[in-house]
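Here is the structure we will look at.
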Amino acid sequence: MPREEMKSVERWGIFEVSLSGPSEGNPFLEVSLGARFRFKNKEVSVEGFYDGNGVYKIRFMPDSEGEWSFITSSNCPQLDGIEGRFICIPPSSNNHGPVRVVNTYHFAYEDGTPYYPVGTTCYAWIHQGEELERLTLETLKNSPFNKLRMCIFPKHYEFNRNEPVYYPFEGSPEKGWDFTRFNIEFFRHLEERVKDLQELGIEADLILFHPYDRWGFSNMGQEADDRYLGYVIARLSAFRNVWWSLANEYDIMKTKTLLDWERFARIIVENDPYQHLRSIHNCRIIYDFTKPWVTHCSIQRVDWYKTAENTDLWRETYKKPVVIDECAYEGNIHRGWGSITGEEMVRRFWEGYVRGGYVGHGETYVHPEDILWWSKGGRLYGKSPERIAFLRKIMEEGPPYGINPIRMESDIPCGGIENRYYIFYFGFNQPAYRIFRMPPGIRFRVEIIDTWNMTIEEVPGVYEGTFRIDLPSRPYMAVRMKAIGG
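Residue numbering for the sequence shown follows this note's numbering, starting at 724 and increasing by one per position.
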């Protein structure tokens, strides 16, 4: 095939091979399909999947520009030994590749562009029907959020009693499920929503299992669990914006053991050719994030009062990025985890940031139709998102690849890059002034940041050594210092 006639796919895009094969019997069980993709001395093995109606697909995300070749392998002669080539071209301007861990505690896209996770949660948003899902996407488009935690399976819980539009397996709630046959429409819908998020620049943090279930998907048995994981990886791993979250609240899934979670992790590591980010979320018992398969800590607060205050401790314990995906929710429902104020949500974001980590948002305001953002999406009503957008701007203006905790004071947290950049955060304290003792011989510009009113005021002059800065006697203030010439 002449080079000019070959299909072209951008770097970190998706090259898809679509093949015709048998539809009789149960192709999900009886037909295996994979391919080896080659670029120079590099070879990548990828699993394919059955897409219904006799159609089989293989998806591949190339990470190098130039000419790639592939050859399929299958136990079905019709699908075996098929060869082809394609050209990988430079990525488009908004395509930076998958997110990776950098500098132990932070993140960047694969092309080196810094990534600061500013996440939110909409557990069951893909199960609400086209109109509400489109509204959720529009809300996300106008929000500061660049990561979304979302369940693959539908959710049964308070405020979540509706039936989903699609189910993941053939069957029905009344007659039961055939766990050996996937519902193609369900998975096509899921991947369309992942693609929608990608177009908005949002990472899809996919929750693979959760306990809030009335359909039996949390208790399918080992064989069905493993087959489901393999199918999800084959269909979705080529999307550059995918993260894997093994579970939401793994420790209250009584049908799963630690051995199960470790087996799931091994399946993902062995079958995801791109090694997307991986973690697991807790209810009461934090998982052992020292496990080598864990790329970052995904944490729900385990204390009603101390949440982001533990960020630096968790960093030190696990030596990995700390993402407090669930610090509680801004809202007014009857539960403690869903009724913190916007002020407290923003405080937790700042507290986690200056301690060298990242905090996630969620919202649970009472709604006449039970359309709460934390689960169904829809609209945001809270006060925190615009303040979180203000913080995200400060993150992006700060040192690339994030800041780290700096032990400067015993009573307030400080983060930054030593001798270059400092942010002191006062939280609920409201001092009229502060005496700072900075490293000698370094001159600083000083700014007062009102994190709630979203203002930045430069303090006139240049400061060095020990000095006093007057403050407005209001809570939620921060002081930023930048070394001159630093």
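C-beta: ideal position from N, C-alpha, C; glycine also.
Keep in mind the model is a prediction, meaning the values are calculated, not measured.
Note on geometry: alpha-carbon atoms of Phe1151 and Arg1197 lie some 8 angstroms from one another. Proximity of the segment 845–856 to the segment 989–996 falls short of the contact definition, fewer than three beta-carbon pairs being nearer than 8 angstroms. Contact between the segment 1088–1101 and the segment 1152–1171 is not established, with fewer than three Cβ pairs separated by less than 8 angstroms.
Residue pairing by DSSP places Val778 opposite Ser743 in a beta bridge. For Met1118, the uninterrupted alpha helix (DSSP H) segment begins and ends at 1107–1120. For Gln801, the closest alpha carbon among the candidates Phe1012, Glu946, Ser741, Leu959 is that of Ser741. Buried is the label assigned to Tyr779, since at least 16 other Cβ atoms lie within 10 Å of its Cβ. Counting along the chain, Thr795 sits inside the beta strand (DSSP E) bounded by residues 789–797. Of Thr1189, Gly899, Leu756, the smallest CA-CA separation from Pro1163 is found for Thr1189. In the same chain as Met1118, and ignoring 5 residues on each side of it, the C-beta atoms closer than 8 angstroms to its own belong to Tyr839, Val841, Tyr1076, Gly1125, in chain order. Closest by C-alpha distance to Glu922, out of Arg1168, Glu985, Ser968, Gly820, is Gly820. Fewer than three beta-carbon pairs drawn from the segment 756–770 and the segment 962–971 are found closer than 8 angstroms, and the two stretches are therefore not classed as touching. Here Pro891 is near Phe876, since their CB atoms are less than 8 angstroms apart. Bounds of the beta strand (DSSP E) holding Lys730 are 730–733. Shortest Cα-Cα distance from Ile975 to any of Lys1205, Ser743, Leu1036, Asn942 involves Asn942. Bounds of the beta strand (DSSP E) holding Arg1168 are 1166–1173. The beta-carbon separation of Arg1078 and Asp1035, rounded to 4 angstroms, stays under the 8 angstroms limit for a contact. Taking the C-beta atoms as reference points, Ala1051 is found no nearer than 8 angstroms to Arg1070.
When DSSP assignments are scanned along the segment 834–916, the uninterrupted stretches of alpha helix (DSSP H) that are 4 or more residues long and fall wholly within it turn out to be 853–864. Cβ-Cβ distances below 7 angstroms link Phe905 to Phe751, Pro891, Phe892, Tyr954 in the same chain, with the five nearest sequence neighbours on each side left out; the list follows chain order. Annotation: Tyr1081 to Ala1031 spans about 9 angstroms, alpha carbon to alpha carbon.
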